[in-house]
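Notes follow once the structure below has been shown.
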Amino acid sequence: MTNEFVLEAITREFPESVISSSEPYGMLTIEVKKDDIKKIIHYLKDSSLEFNFLTDICGIHYPEFPEKEIGVVYHCII
């Protein structure tokens, strides 16, 4: 399964939820609307994508971006 396949599946299922995406160091990174994160995580687990392991959750702080100062990062493995 490729990063492109996963991103396409998520954007097809949640077209209004994905804010941005990138692939730093070959790792798919997706920014989504906070109100949709629970639905997206359930989709990743319960769909044919079968993401089955949440490696970790961590908080981030970007004081230089007041509109997006606090965030949460979820690292998942297929």
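The numbering used here puts the first residue of the sequence shown at 1319, with every later residue one more than the last.
Note that beta-carbon positions come from the ideal geometry of N, C-alpha and C, so glycine has one too.
Assuming contact is defined by CB atoms lying nearer than 9 Å, are residue i and residue j in contact in what I supplied?
i	j	result
I1337	E1349	yes
F1332	D1364	no
Under the DSSP definition of a beta bridge, which residues are partnered with residue i?
i	result
F1371	I1395
S1339	I1348
V1390	G1377
Taking 6 Å as the limit between beta carbons, can you name the residues of its chain near residue i, skipping five residues before and five after?
i	result
S1340	T1347
I1371	The identity of residue 1371 in the sequence shown is Phe, whereas the question assumes Ile. Closer than 6 Å at the Cβ level, and outside the excluded window around F1371, lie I1395.
S1335	V1350, K1351 and D1354
T1329	V1336
Which same chain residues end up closer than 8 Å to residue i when comparing Cβ atoms and leaving out the 5 residues on each side of it in sequence?
i	result
L1367	M1319, V1324, A1327, Y1361 and I1396
G1377	I1388, G1389, V1390 and V1391
Please classify residue i: does DSSP put it in a helix, a strand, or coil?
i	result
T1329	helix
E1382	coil
E1322	helix
*Pairing CB atoms from the segment 1380-1388 with CB atoms from the segment 1359-1371, are three or more of them under 8 Å?*
no
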